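S.K.: Can you read through this structure? Questions will come right after.
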Amino acid sequence: MTAKLLLHPPADFATPLLAVFAVDISTVKDAPPSPALLTTSDALANAAAPWLASGEFKATLGETLLLHAPASTKAERLLLIGVGKAKSLSIHELRKAAGVAVRFAKPRGIRELAIAFPEDKALADEPLDTLPAELTARALAEGLILADFDIDFYRADRKDTSVAATVLHTEADKLAQTAMQLGFEEGTIIAESQNFARTLVNEPGNVLTPTELGKRTKAMCDEFGLACEVHSIDKILELKMGAFASVTQGSVEPPALIVMRYEPANAPADGPVIGLVGKGITFDTGGISIKPADNMDKMKYDMAGSAAMIGAMRAIAQLKPNVRVISVVCSCENMPDGKAFKPGDVVTAMSGKTIEIMNTDAEGRLVLADGLHFARTLGATHLIDAATLTGAIGVALGLLNAGLFTNDDATAGKFFSAAWKVGEKFWQMPCTDDYRDQIKSEIADIRNTGNSRYGGATTAAMFLKEFVGDTPGLPPANWIHLDIAGTAWLDDQKPWQSKGPSGIAVRSITEWVRSYAK
Ligand code: BES
Ligand code: ZN
Ligand code: ZN
Numbered sequence: 289m290t291a292k293l294l295l296h297p298p299a300d301f302a303t304p305l306l307a308v309f310a311v312d313i314s315t316v317k318d319a320p321p322s323p324a325l326l327t328t329s330d331a332l333a334n335a336a337a338p339w340l341a342s343g344e345f346k347a348t349l350g351e352t353l354l355l356h357a358p359a360s361t362k363a364e365r366l367l368l369i370g371v372g373k374a375k376s377l378s379i380h381e382l383r384k385a386a387g388v389a390v391r392f393a394k395p396r397g398i399r400e401l402a403i404a405f406p407e408d409k410a411l412a413d414e415p416l417d418t419l420p421a422e423l424t425a426r427a428l429a430e431g432l433i434l435a436d437f438d439i440d441f442y443r444a445d446r447k448d449t450s451v452a453a454t455v456l457h458t459e460a461d462k463l464a465q466t467a468m469q470l471g472f473e474e475g476t477i478i479a480e481s482q483n484f485a486r487t488l489v490n491e492p493g494n495v496l497t498p499t500e501l502g503k504r505t506k507a508m509c510d511e512f513g514l515a516c517e518v519h520s521i522d523k524i525l526e527l528k529m530g531a532f533a534s535v536t537q538g539s540v541e542p543p544a545l546i547v548m549r550y551e552p553a554n555a556p557a558d559g560p561v562i563g564l565v566g567k568g569i570t571f572d573t574g575g576i577s578i579k580p581a582d583n584m585d586k587m588k589y590d591m592a593g594s595a596a597m598i599g600a601m602r603a604i605a606q607l608k609p610n611v612r613v614i615s616v617v618c619s620c621e622n623m624p625d626g627k628a629f630k631p632g633d634v635v636t637a638m639s640g641k642t643i644e645i646m647n648t649d650a651e652g653r654l655v656l657a658d659g660l661h662f663a664r665t666l667g668a669t670h671l672i673d674a675a676t677l678t679g680a681i682g683v684a685l686g687l688l689n690a691g692l693f694t695n696d697d698a699t700a701g702k703f704f705s706a707a708w709k710v711g712e713k714f715w716q717m718p719c720t721d722d723y724r725d726q727i728k729s730e731i732a733d734i735r736n737t738g739n740s741r742y743g744g745a746t747t748a749a750m751f752l753k754e755f756v757g758d759t760p761g762l763p764p765a766n767w768i769h770l771d772i773a774g775t776a777w778l779d780d781q782k783p784w785q786s787k788g789p790s791g792i793a794v795r796s797i798t799e800w801v802r803s804y805a806k
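Taking the numbering used here, the leading residue of the sequence shown gets 289, the next gets one more, and so forth.
So this is what it looks like as structure tokens:
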């Protein structure tokens, strides 16, 4: 996909497909929809007028109507794309609508398209400011690039359906032009990084082993100027990461402990250090507590948390916020074997805490326990982890919101602002100390699962919390945990998005990190 922004009147642009967004401006309850174009181009308004008046197009979000040979334009086709009610219009609907244009074009073999830059001033004489230029441009670039992603990498009949998209605007003001260009470039970086994460998640477990994840991460870091080390089992044992080591011990595939660093020269020495920690289980069989066969194939996506961190680091390396960031990815397989760890085993985490293993399928929290602690020893003051941690989060929240757990509401507040800005959904879940009973063990400091299936996502979070708080010799860290088990994989495609890996959390984590820049 190539996406660019161009100063050019949309009606005068020769293209096989010109997309224009339409909003429903009716405000009266139960009144028939009243679609209006989000453009000040009279030519486009005239071309669409009969169809808008006909009532067959209601401008609901994602709805399309294709017009061939539209009058008084140079486009071969005009595609009306609905963005919903004017009242609730935001850049997030436009991100989706831009994606709809791409996913409309792809199956029809249309390889080039243009989009008329949406203008809220088309709706009113007063400035509305619902669509700030920079963020609108950013959302459009994101929508276009994210929609270009497909999962059919291994099909012999895979066709190159990638699209070249041009966003056409008529903004004369130089300052606004600069803001739009900047937003568009940022959106391109962010969406390409999100697609990078999605590509990793889409890979099957036999291709994307921990070693391969290390290689691809290192290559990405080399390309964008990040420091990167990929450590083997020797280092994991040397660091006394007994929890991580226990998970990998049943697998013939070697584990990988990946450390990425972004260290801008001018970051204040006493400023925050952000630590991004990812669960990188490249395949989760459950181990000795083996999972049922149904849907086990999906457990290749159990490294989506680490992919989110790697994708965020890729974006951060290019956006260059003035804040130090380190990322720790703990990657291994979870396999049953004669050498595998077993229920009842007691292992010692890097922090010194002993853990009674109740269920080897609760492996994510084990690798993260050591990853979080390790990130603190590297100097992280603010930690975020992302993990496909529990099926329970999907039971609690459905598949729309990812779960957010924290030990510091101010840190979470900054994250929620970031997520809101970039259009990703997270919902805060309890993580207070009164839930700690669940992880009490009689034989060790803690155990890795609760004795009840109720509140399983919180139990997992309480386990992680043990590794970010009071630890001799280390200051407590502000911490956020994202449980993305319900949201990292989309089972059904959307009009703007392929089924498969969603790339959830890349945009929010990137934006949250930027909010700490000095
Ligand atoms: N990787 C799974 C969680 C998961 C489940 C991710 C469904 C995506 C979809 C995790 O390692 C796991 O198996 N968790 C167990 C925890 C239980 C043993 C306490 C679970 O959720 O069942
Ligand atoms: Zn598991
Ligand atoms: Zn898992």
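Note that beta-carbon positions come from the ideal geometry of N, C-alpha and C, so glycine has one too.
Keep in mind it's a predicted model, so treat the numbers as computed, not measured.
Going by the C-beta, is Asp-625 closer than 8 Å to any heavy atom of ligand 2?
M.R.: Indexing the sequence shown from 1 puts residue 625 at position 337. Not so, every heavy atom of ligand 2 lies at least 8 Å from the Cβ.
S.K.: With a CB to CB cut of under 7 Å and the five nearest residues on each side skipped, what residues in its chain are close to Phe-405?
M.R.: Counting from 1 along the sequence shown, the entry for residue 405 is found at position 117. Contacts found: Val-455, Leu-456 and His-457.
S.K.: Report yes if the C-beta of Asp-300 is less than 8 Å from at least one heavy atom of ligand 3; otherwise report no.
M.R.: What you label residue 300 is simply residue 12 of the sequence shown in a count that begins at 1. No; taking the cut-off as 8 Å, the Cβ of Asp-300 has no heavy atom of ligand 3 nearer than that.
S.K.: Using 10 angstroms around the beta-carbon of Ile-576, count the other beta-carbons present and answer buried if the total reaches 16, otherwise exposed.
M.R.: Here residue 576 refers to the residue found at position 288 of the sequence shown. When all chains shown are included, Ile-576 counts as buried.
S.K.: Measuring CA to CA, which of Ser-619, His-519 and Phe-714 is closest to Ser-539?
M.R.: Taking the first residue of the sequence shown as 1, we reach residue 539 at position 251. Nearest of Ser-619, His-519 and Phe-714 to Ser-539, Cα basis: Ser-619.
S.K.: Given a threshold of 16 other Cβ atoms within 10 Å of its Cβ, counted over all protein chains shown, does Glu-644 qualify as buried or as exposed?
M.R.: Locating residue 644 in the sequence shown gives position 356, where the first residue counts as 1. Answer is buried; the Cβ neighbour count reaches 16.
S.K.: Can you tell which of Ser-796, Arg-724, Ser-786 and Phe-662 has its C-alpha closest to the C-alpha of Leu-762?
M.R.: Here residue 762 corresponds to residue number 474 of the sequence shown, with the count starting at 1. Here the closest residue by C-alpha is Phe-662.
S.K.: Give the DSSP-derived three-state secondary structure of Arg-741 in the structure shown.
M.R.: The residue you call residue 741 lines up with position 453 of the sequence shown. It is coil, neither helix nor strand.
S.K.: Is the region 626-637 close to the region 544-551, with three or more CB pairs under 8 Å?
M.R.: Touching, no.
S.K.: Going by CA-CA distance only, name the one from Leu-428, Ile-439 and Ala-793 that's closest to Glu-712.
M.R.: Here residue 712 is taken as the residue at index 424 of the sequence shown, counted from 1. Selected option, being the one with the closest Cα: Ala-793.
S.K.: If contacts are defined as beta-carbon pairs under 8 Å, then Tyr-550 and Leu-514 qualify, I think. What distance do you get, rounded to the angstrom?
M.R.: Position 262 of the sequence shown, counted from the start, is the residue given in the question as residue 550. Position 226 of the sequence shown, counted from the start, is the residue given in the question as residue 514. Contact flag correct, Cβ pair sits at about 6 Å.
S.K.: Tell me whether Ala-581, by its Cβ, gets closer than 8 Å to a heavy atom of ligand 1.
M.R.: In the sequence shown, residue 581 corresponds to position 293, counting from 1. No.
S.K.: With a cut-off of 8 Å, do at least 3 Cβ pairs link the region 684-694 to the region 713-720?
M.R.: Yes: at least three Cβ pairs fall under 8 Å.
S.K.: Less than 9 Å between the C-beta atoms of Asp-771 and Ala-675, yes or no?
M.R.: Locating residue 771 in the sequence shown gives position 483, where the first residue counts as 1. Locating residue 675 in the sequence shown gives position 387, where the first residue counts as 1. Cβ distance < 9 Å, so Asp-771 and Ala-675 count as in contact.
S.K.: Using the beta-carbon count (16 or more within 10 Å), is Ala-781 buried or exposed?
M.R.: Working through the sequence shown from its first residue, we reach residue 781 at position 493. Strictly speaking, residue 781 in this sequence is Gln, with Ala absent from that position. With fewer than 16 other Cβ atoms within 10 Å, it is exposed.
S.K.: Would you report the Cα separation of Lys-394 and Leu-434, rounded to the nearest angstrom?
M.R.: For the purposes of this step, residue 394 is taken as the residue at position 106 of the sequence shown. For the purposes of this step, residue 434 is taken as the residue at position 146 of the sequence shown. Near 13 Å, if we compare the C-alpha coordinates of Leu-434 and Lys-394.
S.K.: With a CB to CB cut of under 6 Å and the five nearest residues on each side skipped, what residues in its chain are close to Ala-749?
M.R.: Along the sequence shown, one-based indexing puts residue 749 at 461. Within the same chain, Ala-749 has close Cβ partners Phe-693, Cys-719 and His-769.
S.K.: When you compare only the Cα positions, how much space is there between Gly-640 and Lys-702?
M.R.: Here residue 640 is taken as the residue at index 352 of the sequence shown, counted from 1. Here residue 702 is taken as the residue at index 414 of the sequence shown, counted from 1. Looking at the two C-alpha atoms, the distance is approximately 31 Å.
S.K.: For Asn-441, count neighbouring Cβ atoms within 10 angstroms of its own Cβ and tell me buried if that reaches 16, exposed if not.
M.R.: Along the sequence shown, one-based indexing puts residue 441 at 153. Just to set this straight, residue 441 is Phe in the shown sequence, not Asn. Classification of Phe-441: exposed, given that the 10 Å Cβ count is below 16.
S.K.: Rounded to the nearest angstrom, what separates Gly-574 and Met-623 at their Cα positions?
M.R.: As a first step, residue 574 must be located in the sequence shown, where it is residue number 286. As a first step, residue 623 must be located in the sequence shown, where it is residue number 335. Computed Cα separation, rounded: 7 Å.
S.K.: Got a sec: does ligand 3 put a non-hydrogen atom nearer than 8 Å to the Cβ of Leu-677?
M.R.: Mapped onto the sequence shown, residue 677 falls at position 389. Within the cutoff, so yes.
S.K.: Can you tell me the Cα-Cα spacing of Leu-416 and Leu-294, whole angstroms?
M.R.: In the sequence shown, the residue the question calls residue 416 occupies position 128. In the sequence shown, the residue the question calls residue 294 occupies position 6. The alpha-carbon atoms of Leu-416 and Leu-294 are separated by roughly 23 Å.
S.K.: Should Pro-492 be labelled buried (16 or more other beta-carbon atoms within 10 Å of its own) or exposed?
M.R.: Here residue 492 is taken as the residue at index 204 of the sequence shown, counted from 1. By the 10 Å Cβ count, Pro-492 comes out exposed.
S.K.: Need the endpoints of the alpha helix (DSSP H) that Pro-323 sits in, please.
M.R.: Along the sequence shown, read from residue 1 onward, the residue named residue 323 stands at position 35. Careful: Pro-323 lies outside any alpha helix (DSSP H), inside the beta strand (DSSP E) at 323-325.
S.K.: At what residue ranges does the region 375-448 contain a whole run of the alpha helix (DSSP H), taking only runs of 4 or more?
M.R.: If we require 4 residues or more, the alpha helix (DSSP H) runs fully inside the region 375-448 come out as 379-393 and 421-435.
S.K.: Between Gly-593 and Asp-673, how many whole angstroms is the CB-CB distance? I'm expecting something under 8 Å.
M.R.: Start at 1 with the first residue of the sequence shown, and residue 593 comes out as number 305. Start at 1 with the first residue of the sequence shown, and residue 673 comes out as number 385. Correct: roughly 7 Å between the Cβ atoms.
S.K.: So Gly-372 and Thr-352 are in contact, right, with Cβ under 8 Å, and what is the actual spacing, rounded?
M.R.: Here residue 372 corresponds to residue number 84 of the sequence shown, with the count starting at 1. Here residue 352 corresponds to residue number 64 of the sequence shown, with the count starting at 1. At roughly 13 Å, the Cβ-Cβ gap does not stay under 8 Å, so Gly-372 and Thr-352 are not in contact.
S.K.: Tell me whether Glu-651, by its Cβ, gets closer than 8 Å to a heavy atom of ligand 1.
M.R.: The count along the sequence shown starts at 1 and reaches residue 651 at position 363. The answer is yes for Glu-651.
S.K.: Touching or not, the region 326-333 and the region 421-438, by the rule of three or more beta carbon pairs under 8 Å?
M.R.: As far as the Cβ criterion goes, the region 326-333 does not touch the region 421-438, which means the pair count is below three.
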